[in-house]
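Encoded as structure tokens, the structure appears first; notes follow it.
Residue numbers (this note's numbering), protein chains in the order written: chain V, 320 to 612; chain W, 1183 to 1423.
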């Protein structure tokens, strides 16, 4: 922060705005943009991995595995996101703590559920009660990534499952006729060809994932929407050096532009990937590409 | 080298186990959106009456405390599942909450709540549309008074609702509304103040009796030497003890 910001009441115009936009609170807002981007960068591949696992399980010939895959897809897709985020994360956190409690404190004699309280021994707390705030925040962030990955993984699994079935069957038969094992057929013929069918569905998911990040605040992570609301709310002079009226509309306008720009860039990148994946494929677009050359 | 790594690991584990004793760090959960009780200052830190009070109480009880903010709606669930140890968020002591969590003795007097409405408006408070924050004593008061209740997740949104005409008036703690009424010419108090709730206290898990007793004793000592009254006057919270 510039030195002339020490007494904001004397400032006006641009210099006031400059000081206002560099307060600690605003810096927290800028950091939260990074948090959201980092979450997306980790969640997208993780969700894709969950989706790939789910889809592979769902088309497995081994029945229990097939049930597991189909059950995962059906249950997670059916439960509302907000219920999943409120219930599942707390349940997951308590499950981890319960497991650690069983291992670390075998001779603890009090019950874990006391009325509405969930009490494990201090050594089993996750993270430890005395851990630094950043450890708590990182743990919350990892839980958020895991939850997002599981939720979006189920949708991705359904998309990939459909894409695997969309690959022309004669391709697989030909592979078998050449003497490839089922594993070879899967990895060399099916997987490389399925992406072109999966991408439209996956790109939809990516767009929804970008917009779903405000759900983070349910998990105690302060994302950009939280900070926009907190900063935009009317401030009285008693509690801040920068009093202002209700400015939420401006902050939300900035968010709107941010999200629109982000989704537009995503669209451009996805279009390029689509073009590359289509190359040499036996689809209409692939055919068009071949003729254009 | 291997031995070195092993020793370090063992040492770290041992240190971790030693530090992990009961409540070596007490986590204080607050909302950070309800001045003058608690709010985020320009630096983004928790500030306000409860920040000063909480720091002083922790010093007197010889506890290491850490501040965390949490959404009001999920503030009780996160306490009982152990994400923090204490709620210190302008939370009035009520019977419904007593059923789920425990409270220390109150550190503010039962606070008058007031109606804030557009300047010069004539409102029949029993038949009007009244805004209040969800899950507050004010919200249940409005619901039982016969007026139409509109609930909002944050205190700030309740004020915005009155400004843009969505609600005729807002019911909230007078300490929260006073600075807003002073600064905005278009808003003014209407009707009589109402006394609801049993004062504000710290909320703790029902199983956490040791910690509650420590804070209870610390609050008592601040009441006895008058330092609590000084804080209440400084932040203009309301009546002193």
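Glycine included, C-beta positions come from ideal geometry on N, C-alpha and C. None of these values were measured; they are calculated from a predicted model.
Proximity of the region 462 to 469 of chain V to the region 538 to 546 of chain V meets the contact definition, three or more beta-carbon pairs being nearer than 8 Å. Not flagged as an interface residue toward chain W: residue 520/V, since no C-beta distance is shorter than 7 Å. Each of 420/V, 343/V and 370/V was checked against the Cα of residue 483/V, and the nearest Cα belongs to 370/V. Rounded to whole angstroms, the gap between the alpha carbons of residue 1361/W and residue 557/V is 7 Å. For the alpha helix (DSSP H) assignment, the uninterrupted runs of no fewer than 4 residues enclosed by the region 452 to 506 of chain V are, from N- to C-terminal side, 452 to 485 and 488 to 496.
For residue 1274/W, same chain residues with a beta-carbon under 6 Å away, outside a window of 5 residues either side, are 1319, 1379 and 1382 in chain order. Our two residues, residue 1271/W and residue 1212/W, have alpha carbons roughly 5 Å apart in a direct line. Chain W has no Cβ within less than 7 Å of the Cβ of residue 568/V. Ranking 355/V, 390/V, 506/V and 508/V by CA distance to the CA of residue 376/V puts 390/V first. If you draw a straight line from the Cα of residue 1351/W to the Cα of residue 1297/W, it comes to about 6 Å. Shortest Cα-Cα distance from residue 1311/W to any of 1337/W, 1286/W, 1343/W and 1339/W involves 1343/W. By the 16-neighbour rule on beta-carbons within 10 angstroms, residue 364/V is exposed. In this structure, the straight-line span from the alpha carbon of residue 1397/W to that of residue 420/V is close to 27 Å. Take residue 1257/W, set aside five residues on each side of it, and the residues of its chain with a beta-carbon closer than 7 Å to its own are 1211, 1213, 1269 and 1271, in chain order.
For residue 1365/W and residue 555/V, the gap between their C-alpha atoms comes out near 7 Å. Under the DSSP assignment, residue 1378/W falls outside any alpha helix (DSSP H); it carries neither an H nor an E label. For the region 548 to 564 of chain V, the set of positions with a beta-carbon nearer than 8 Å to some beta-carbon of chain W reads 548, 549, 552, 553, 555, 556, 557, 558, 559, 560, 561 and 562 in chain order. DSSP places residue 399/V in no beta strand (DSSP E); its state is neither H nor E. Residue 1397/W is outside the set of residues whose beta carbon lies under 7 Å from a beta carbon in chain V. Cβ contact annotation for residue 504/V (same chain, cutoff 8 Å, sequence separation greater than five): 491, 494 and 495, in chain order. The three-state reading of DSSP puts residue 1292/W in coil, since its state is none of H, G, I, E or B.
Under DSSP, residue 1269/W takes part in a beta bridge, and its partners are 1211/W and 1385/W. Around the Cβ of residue 587/V, a 10 Å sphere holds fewer than 16 other Cβ atoms; the residue is exposed. Taken atom to atom, the span from the alpha-carbon of residue 345/V to that of residue 1222/W is near 12 Å. In its chain, beyond the 5 residues on either side, 554, 555 and 556 have a beta carbon closer than 8 Å to the beta carbon of residue 562/V. Chain-ordered listing is empty here: chain V has no CB closer than 8 Å to the CB of residue 1279/W, the nearest sitting near 11 Å. Taking a beta-carbon distance threshold of 7 Å, residue 436/V counts as an interface residue toward chain W.
In the three-state reduction of the DSSP assignment, residue 423/V falls in the helix class, which pools H, G and I. Between residue 439/V and residue 1389/W, the CB-CB gap reaches or exceeds 7 Å. Between the region 385 to 401 of chain V and the region 574 to 590 of chain V, the count of C-beta pairs closer than 8 Å stays below three; the two stretches do not touch. Here residue 522/V has 589 as same chain residues with Cβ atoms under 6 Å from its own Cβ, once five neighbours each way along the sequence are excluded.
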